Amino acid sequence: MTTTLNRPAASSPAPAKPALTFRQRLNVFDMKASPYLYISPFFILFALVGLFPLGYTFFVSLFDWHLLKGQGEFVGLRNFQEVLQDRFFWNSLFNTMSIFLLSTIPQLIVATAIAAVLDQNLRARTFWRMSILLPYIVTPVAVALIFSNLFGEQYGLINNILESFGMDRILWTNETLPSHIAIATMVNWRWTGYNALILLAAMQSVPRDIYESASIDGAGTFRRFFSITLPSIRPTMIFVVITATIGGLQIFTEPRLFDPRTYGGTAAQFQTTVLYLYEMAFQRSNFGKASTIAWLLFLIIVLFGLMNYLISQRIATTGDGRRPRRSAGSRRRKRSPAPAVVLPAVGPQPPAPSADPDHGAGEQVGAPDTNERNVR
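Its first residue numbered -10, the sequence shown is counted upward by one per residue in our numbering.
Written out as structure tokens, the structure reads:
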């Protein structure tokens, strides 16, 4: 038998879409372009204030650029080579790292402790939270004047106290380590309260039910702090560490005002990298090398930022709540099954099966009598 299939009729061409009017095309363009226009002011300002100075600084570093004479001959990467061979650059880098470590590590520890204290139920909490921000409001010039009187070599308060106990004076401005400690103290006094408020805001967002459950389970104050508070504020702690690192590597105001007569001490014992850049640009009038120092400092800050990012990612990976891997011995040890619960039977029970070997295999052993069951 032959079956004939009817071919479907050819589909009619789709009707042409009507042309959009000018107002409709304008609405479509508005829907697609408006989000980019809304965020464009930030990127325009960032390009003008951030990217353009960065690129122009690299352009200046390739020339023998003088402050008054302007652009000189093209020298390529010779400025980078000369700066990397300059012992004062490495001295400034060492001073920067030393002051950075003496200021950042104690600053973060004290800021975390202050934030934990202010997170408790204290009287006049608003007053204490506002008071720790007062050092940040004080101008750097006033801070430098206060601490210059404290760390003065001749008539400083600290040296007078030491002399009253029969101890020798400390040369705060002429020795390396004492000058670093003095400048780090200035930095810590000004920025500890600021970081403490940031950490306090993160601690306030931790749910209080977790603390109540932990206290019911018997966890003490320190246990709750290290097991609940610190893991909960980990992202904010990473942010504070990164910002403190960037600010510590760019320190300029405190060492500049600590001894205004020199650019970092008589023997450059506390001259930081930014202070060395400032001296190269405005004291020696060499803008080419100053731009080179700025670019090298930029690369160092980027390197430290990447290190902080990798460390923070590692911390976040190890503390994201994954189950620890069990050892082979623990995997071999299996838990014994729970014993079955035997409930008492209701009603008459059949007799136990007989152990007599004369019973046949197919015979029902211990079956209850039907007549007896009916009688009951």
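C-beta atoms are modelled at their ideal positions from N, C-alpha and C, and glycine is treated no differently.
It should be emphasised that the depicted structure is a prediction, and the values quoted were computed from it without experimental measurement.
Starting from residue i, trace the alpha helix (DSSP H) in both directions and tell me its first and last residue.
i: Asp198; result: Arg197 to Ile205
i: Ile172; result: Thr165 to Gln193
i: Val17; result: Phe11 to Phe35
i: Phe41; result: Phe41 to Ser50
i: Glu71; result: Arg67 to Leu73
i: Thr210; result: Thr210 to Arg213
i: Trp117; result: Arg114 to Ser120
i: Ile377; result: Residue coverage of the chain in this structure runs from -10 to 365, which leaves residue 377 outside it and unanswerable.
i: Met269; result: Thr262 to Phe271
i: Leu134; result: Pro129 to Leu139
i: Pro124; result: Leu123 to Ile126
i: Leu151; result: Leu146 to Ser153
Would you kindly check if the distance between the Cβ of residue j and the Cβ of residue i is under 8 angstroms?
i: Ala133; j: Glu243; result: yes
i: Phe63; j: Phe52; result: yes
i: Leu122; j: Arg114; result: no
i: Phe78; j: Ile222; result: no
i: Ser81; j: Tyr265; result: yes
i: Ala233; j: Asn184; result: yes
i: Lys278; j: Asn68; result: yes
i: Ile231; j: Gly294; result: yes
i: Thr225; j: Ala191; result: yes
i: Arg212; j: Tyr200; result: no
i: Ile159; j: Asn148; result: yes
i: Leu246; j: Val130; result: yes
i: Leu97; j: Ile170; result: no
i: Arg112; j: Leu186; result: no
i: Ile172; j: Ile88; result: yes
i: Ile227; j: Ser301; result: yes
List the whole-angstrom C-beta distance separating residue i from residue j, where the pair is believed to meet the contact cut-off of C-beta under 8 angstroms.
i: Gly254; j: Thr174; result: About 16 angstroms; that fails the 8 angstroms criterion.
i: Leu188; j: Val229; result: 7 angstroms
i: Leu286; j: Thr262; result: 5 angstroms
i: Tyr125; j: Trp180; result: 7 angstroms
*Determine contact between the region 238 to 248 and the region 211 to 221, defined as no fewer than three beta-carbon pairs at a distance below 8 angstroms.*
Too few Cβ pairs lie closer than 8 angstroms, so no.
*Which parts of the region 219 to 255 are runs of the alpha helix (DSSP H), unbroken and 4 residues or longer, counting only runs that do not cross its ends?*
Runs of the alpha helix (DSSP H) lying entirely within the region 219 to 255 and spanning at least 4 residues, in chain order: 223 to 238 and 242 to 247.
*For the region 22 to 38 and the region 257 to 276, state whether three or more C-beta atom pairs, one from each stretch, are separated by less than 8 angstroms.*
Flag = no, the region 22 to 38 and the region 257 to 276 do not touch.
*Determine, using beta-carbon pairs with one atom in the region 135 to 146 and one in the region 54 to 68, whether at least three such pairs fall under 8 angstroms.*
Output reads no: the region 54 to 68 does not touch the region 135 to 146.
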